[in-house]
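For the record, in the sequence shown the residue sitting at position 17 is 25 according to our numbering, with numbers rising by one throughout. Glycine included, each C-beta is placed from N, C-alpha and C at the ideal position. Keep in mind the model is a prediction, meaning the values are calculated, not measured. The structure appears below as structure tokens.
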Amino acid sequence: MGATKRLFVGLELPSNCKMALLALDPHLAGLRWLSEEQLHLTLSFLGNVEPSAEDRLRQALQEVQVPAFFLPLRGIGVFDSHGSPSVVWVGVGSGHPHLFALHRRIQHAVLHAGLEPDLKSFRPHVTLGRAKGISRQILQPFLRTYADAEFGLVKVTGFALYSSVLRPDGATHHVEMRREF
Numbered sequence: 009m010g011a012t013k014r015l016f017v018g019l020e021l022p023s024n025c026k027m028a029l030l031a032l033d034p035h036l037a038g039l040r041w042l043s044e045e046q047l048h049l050t051l052s053f054l055g056n057v058e059p060s061a062e063d064r065l066r067q068a069l070q071e072v073q074v075p076a077f078f079l080p081l082r083g084i085g086v087f088d089s090h091g092s093p094s095v096v097w098v099g100v101g102s103g104h105p106h107l108f109a110l111h112r113r114i115q116h117a118v119l120h121a122g123l124e125p126d127l128k129s130f131r132p133h134v135t136l137g138r139a140k141g142i143s144r145q146i147l148q149p150f151l152r153t154y155a156d157a158e159f160g161l162v163k164v165t166g167f168a169l170y171s172s173v174l175r176p177d178g179a180t181h182h183v184e185m186r187r188e189f
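In structure tokens:
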């Protein structure tokens, strides 16, 4: 029997979009910008999954279908942890019905595979950087500059099942499976 894998389902971003987002790095002490390979939009985090459950998940994900759609990347913000900034992200505007429909269908596929779905509230975003020991006051000029900025449209024609390995310098992600609509 194989080892468990740390899995999540997400949207891949095109290279030109990743390059534009990487170029936003404000190079502030205490803020670690992600690498090109780490940029994605998480649809469902699954955690450690046994090989037999992964097989069922792959089959269930093959059944997920929504129409292709365009997703706007818009606005930069932060998530806080214990009152301090922890994650800098780019959002998807005011939400997108097709994205939320895709999220729901993936959650149903996860359940169908016998796994526990991600029960956290779905707040779609692309993580750009991780903050540690940096104040909101230092980040504020950067956040204000890009609060309403538009970073283009991403054509969503499918999603990917990723494995993730945690390392001291950040997680590495590997696409395990792609599902095109």
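Between the CA atoms of residue j and residue i - distance to the nearest angstrom
i, j, result
"Gly130", "Gly10", "Sequence inspection shows Phe at residue 130; the Gly mentioned does not correspond to that position. One C-alpha to the other measures close to 31 Å."
"Phe77", "Ala109", "11 Å"
"Gly99", "Ser60", "34 Å"
"Ser52", "Ala37", "31 Å"
"Thr165", "Leu39", "32 Å"
"Met215", "Pro34", "Residue coverage of the chain in this structure runs from 9 to 189, which leaves residue 215 outside it and unanswerable."
"Leu174", "Leu30", "21 Å"
"Thr50", "Phe189", "18 Å"
"Ala68", "Leu123", "11 Å"
Selection from the options that minimises the alpha carbon distance to residue i
i, options, result
"Phe159", "Gly101, Gln148 and Leu119", "Gly101"
"Gln115", "Arg40, Val72 and Ser23", "Val72"
"Thr12", "Asp63, His111, Pro80 and Lys140", "Asp63"
"Arg144", "Phe167, Pro93, Leu169 and His120", "Pro93"
"Phe167", "Arg187, Pro176 and Asp156", "Arg187"
"Val118", "His104, Ile146, Lys140 and Gln70", "Gln70"
"Lys128", "Ile146, Leu136, Gly141 and His111", "His111"
Local Cβ density within 10 Å of residue i, reported as buried at 16 or more and exposed below that
i, result
"Val134", "buried"
"Ser23", "exposed"
"Glu44", "exposed"
"Ser90", "What sits at residue 90 in the sequence shown is His, not Ser. Answer is exposed; the Cβ neighbour count stays below 16."
"Ala121", "buried"
Under 9 Å between C-beta atoms of residue i and residue j
i, j, result
"Leu107", "Pro125", "no"
"Arg138", "Val74", "no"
"Leu79", "Lys163", "yes"
"Trp41", "Leu136", "yes"
"Arg82", "Asn56", "no"
Cβ contact (3+ pairs, closer than 8 Å) linking the stretch 147-157 and the stretch 77-93: yes
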